[in-house]
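Okay, so here's the structure we're looking at.
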Amino acid sequence: MIRSKKKAHRCERTQPYSMDRYRKALRLFGKSKSQLEKMGFPHGNLGNYLRSYNLRVRRSNPDLVDIESDDDSDETYLPKARSKRKQKRVVSISSEEQPSEGLLKLAQQLGREIEQEIEQQLETPLKQPSEQQALVTKLRLPSIRGKTFLNMLANRDIFSDLIDADSEEVSEPESVVVRGSTSNYEANKPTVRHIMTAFAHPLDVELGTETYEPCEFCMNFTFGMFGLGLKKVEVADYGVTGGLEELSGGHRSAGYPRTRICNVCCLDRLYMHRCAGHEISSLPGYEVATFDYAKAFHSLEQSAVGGNYKQTNPWCTLCLNPAFFRCNTEQLLDKFGRDVGPLSSQGNGCGLLLCEPCKRLMDANGNDLAKVIARIPASEVVRADADFLVVGSDLHRYFHKQEGFLCMHFAC
Numbered sequence: 002m003i004r005s006k007k008k009a010h011r012c013e014r015t016q017p018y019s020m021d022r023y024r025k026a027l028r029l030f031g032k033s034k035s036q037l038e039k040m041g042f043p044h045g046n047l048g049n050y051l052r053s054y055n056l057r058v059r060r061s062n063p064d065l066v067d068i069e070s071d072d073d074s075d076e077t078y079l080p081k082a083r084s085k086r087k088q089k090r091v092v093s094i095s096s097e098e099q100p101s102e103g104l105l106k107l108a109q110q111l112g113r114e115i116e117q118e119i120e121q122q123l124e125t126p127l128k129q130p131s132e133q134q135a136l137v138t139k140l141r142l143p144s145i146r147g148k149t150f151l152n153m154l155a156n157r158d159i160f161s162d163l164i165d166a167d168s169e170e171v172s173e174p175e176s177v178v179v180r181g182s183t184s185n186y187e188a189n190k191p192t193v194r195h196i197m198t199a200f201a202h203p204l205d206v207e208l209g210t211e212t213y214e215p216c217e218f219c220m221n222f223t224f225g226m227f228g229l230g231l232k233k234v235e236v237a238d239y240g241v242t243g244g245l246e247e248l249s250g251g252h253r254s255a256g257y258p259r260t261r262i263c264n265v266c267c268l269d270r271l272y273m274h275r276c277a278g279h280e281i282s283s284l285p286g287y288e289v290a291t292f293d294y295a296k297a298f299h300s301l302e303q304s305a306v307g308g309n310y311k312q313t314n315p316w317c318t319l320c321l322n323p324a325f326f327r328c329n330t331e332q333l334l335d336k337f338g339r340d341v342g343p344l345s346s347q348g349n350g351c352g353l354l355l356c357e358p359c360k361r362l363m364d365a366n367g368n369d370l371a372k373v374i375a376r377i378p379a380s381e382v383v384r385a386d387a388d389f390l391v392v393g394s395d396l397h398r399y400f401h402k403q404e405g406f407l408c409m410h411f412a413c
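If you want this note's numbering, it's the position in the sequence shown, counting the first as 1, plus 1.
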């Protein structure tokens with residue numbers, strides 16, 4: 002008897018992302034096999050039904066350069082192939098060559114050394130702030146631009162206090178000592194000594210905060226040359242944080258008020274002191290051989306008698322002689338700390354003027370203003386305000402305070 006062949010169930014293939022496929026998935030994966038058989042899908046025809054679900058078949062050797070994505074619309078998708086690929090990767094990684102014994106020993110040794118260093122650092126007690134020493138870094142920049150850059154750093158506190166681009170008001174430094182009362186000096190014990198000076202100390206660098214009187218150096222150009230006359234005065238020296246206070250024998254005892262000097266005149270002298278190089282050149286329009294010395298000194302006598310303070314020729318910054326030379330060092334900042342443009346005339350020189358003898362002294366002493374002032378002969382007579390260019394003067398003490406100021410020495 003010939004067995005009749007069972008009529009095979011033909012199932013139509015579904016399209017991806019369709020409702021038919023969704024219903025078939027629910028029927029296939031949401032029901033047991035017995036339930037499927039009751040619905041007319043016997044176990045023997047289950048494979049045909051699975052094939053109708055449009056499971057994709059992935060190629061065995063995919064192209065490594067262009068690997069196709071596992072999108073549902075791909076005809077080569079096979080879920081089991083993904084797990085097989087992961088197993089192959091694990092086997093390939095485990096089958097790679099293990100590091101040699103020498104490398105392992107070296108790595109272990111390095112690990113032990115690192116652990117020992119960490120243990121030593123943990124065991125070493127931290128230094129207290131009082132035990133830590135300050136680190137002083139000396140920057141040696143031989144070029145003029147390098148020294149000017151260091152000059153800018155050293156003067157940043159002064160310029161920031163005097164000129165504020167964002168505000169029209171001039172801020173007063175917190176460390177300024179106002180000499181209107183003696184209570185500011187109670188914390189400092191002064192040293193009594195004698196000095197030779199032509200000014201009434203202490204200087205009124207705040208320029209008449211109470212009386213609003215003008216600057217004496219601006220009113221009379223000869224005041225910086227002669228002052229009130231040279232005298233030996235007994236003063237109380239309050240050190241870096243203070244200044245000089247006249248005790249006896251000076252111009253205050255004779256009835257003169259404190260010598261008034263504005264911030265601009267202060268910055269003029271500080272700008273010369275902080276110049277990076279002092280490259281000296283001839284002053285245009287003035288020759289030593291053809292200069293009329295008699296007319297120049299006669300103009301000083303007329304100014305002293307008649308009060309006509311009109312300057313007819315430039316004068317030396319260090320002594321009482323006419324000037325024929327000037328500093329021509331390129332400046333990156335002006336005296337207010339503002340950038341100097343490449344075409345601006347303010348970038349040529351710091352304002353230092355020299356006569357012929359002082360120019361020779363500058364060449365012989367490496368442009369050191371302090372040494373030059375100390376070695377000016379008595380016959381030339383040093384200017385009254387020449388000491389303002391030397392560190393330690395009353396003018397420098399006003400701007401250079403111990404607290405909060407960047408102390409830096411420049412190597413020439």
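No residue lacks a Cβ here, since even glycine has one placed at the ideal position from N, Cα and C. Computed from a predicted model, the values in this text were never measured in an experiment.
Quick check on residue i: does DSSP put it in helix, strand or coil?
{"i": "D162", "result": "With a pLDDT of 45 at D162, under the threshold of 50, the predicted position of this residue should be treated as unreliable, though the coordinate-derived value follows. Looking at D162 - three-state DSSP - the assignment turns out to be helix."}
{"i": "K296", "result": "helix"}
{"i": "F222", "result": "coil"}
{"i": "R384", "result": "coil"}
{"i": "F326", "result": "strand"}
{"i": "L1", "result": "What is shown of the chain runs 2 to 413, which leaves residue 1 out entirely."}
{"i": "L354", "result": "strand"}
{"i": "I119", "result": "helix"}
{"i": "K233", "result": "strand"}
{"i": "I374", "result": "helix"}
{"i": "K311", "result": "coil"}
{"i": "D71", "result": "Residue confidence for D71 is low, a pLDDT of 47 falling below 50, so the modelled location carries little weight; the figure read from the coordinates is stated next. D71 falls in the coil class under three-state DSSP."}
{"i": "E214", "result": "coil"}
Between residue i and residue j, which are expected to be in contact by the criterion C-beta below 8 Å, what is the C-beta distance as a whole number of angstroms?
{"i": "T330", "j": "C276", "result": "6 Å"}
{"i": "L354", "j": "P315", "result": "5 Å"}
{"i": "V289", "j": "F325", "result": "5 Å"}
{"i": "H195", "j": "K233", "result": "6 Å"}
{"i": "L362", "j": "R376", "result": "6 Å"}
{"i": "C267", "j": "V341", "result": "About 20 Å; that fails the 8 Å criterion."}
Name the DSSP bridge partner or partners of residue i?
{"i": "D238", "result": "T192, L245"}
{"i": "C320", "result": "V383"}
{"i": "R261", "result": "D205"}
{"i": "L334", "result": "D340"}
{"i": "N349", "result": "E331"}
{"i": "M273", "result": "The partner list for M273 (beta bridge, DSSP) is empty, contrary to what the question assumes."}
{"i": "L20", "result": "Before going on, a small fix: residue 20 reads as Met here, not Leu. Answer is none; M20 lacks a bridge partner."}
{"i": "S394", "result": "None, per the DSSP bridge assignment."}
{"i": "T198", "result": "K232"}
{"i": "S283", "result": "F326"}
Classify residue i as buried or exposed, calling it buried when 16 or more other Cβ atoms lie within 10 Å of its own Cβ.
{"i": "T198", "result": "buried"}
{"i": "A385", "result": "buried"}
{"i": "A26", "result": "exposed"}
{"i": "I119", "result": "exposed"}
{"i": "S380", "result": "exposed"}
{"i": "R24", "result": "exposed"}
{"i": "K360", "result": "buried"}
{"i": "Y239", "result": "buried"}
{"i": "T192", "result": "exposed"}
{"i": "S172", "result": "Unreliable positioning characterises S172 in this predicted model, as indicated by a pLDDT of 39, which lies under 50. A coordinate reading is not provided."}
{"i": "S394", "result": "buried"}
{"i": "T291", "result": "exposed"}
{"i": "V392", "result": "exposed"}
{"i": "A387", "result": "buried"}
{"i": "Q1", "result": "Outside the displayed span of the chain (2 to 413) sits residue 1, for which this structure offers no information."}
{"i": "R259", "result": "buried"}
{"i": "Q117", "result": "exposed"}
{"i": "L107", "result": "exposed"}
{"i": "R261", "result": "buried"}
For residue i and residue j, what's the separation of their Cα atoms in angstroms?
{"i": "K336", "j": "D269", "result": "7 Å"}
{"i": "L204", "j": "Q121", "result": "58 Å"}
{"i": "C263", "j": "H252", "result": "20 Å"}
{"i": "C328", "j": "K296", "result": "25 Å"}
{"i": "L229", "j": "A201", "result": "8 Å"}
{"i": "H274", "j": "Y399", "result": "15 Å"}
{"i": "P17", "j": "R28", "result": "16 Å"}
{"i": "Q312", "j": "Y272", "result": "22 Å"}
{"i": "G352", "j": "E217", "result": "19 Å"}
{"i": "L248", "j": "N349", "result": "42 Å"}
{"i": "D369", "j": "Y257", "result": "33 Å"}
{"i": "Y294", "j": "Y287", "result": "11 Å"}
{"i": "S282", "j": "V236", "result": "39 Å"}
{"i": "S300", "j": "T223", "result": "10 Å"}
{"i": "P285", "j": "E357", "result": "14 Å"}
{"i": "G250", "j": "N221", "result": "25 Å"}
{"i": "K372", "j": "P215", "result": "33 Å"}
{"i": "L390", "j": "E114", "result": "58 Å"}
{"i": "G367", "j": "L231", "result": "29 Å"}
{"i": "E102", "j": "G112", "result": "15 Å"}
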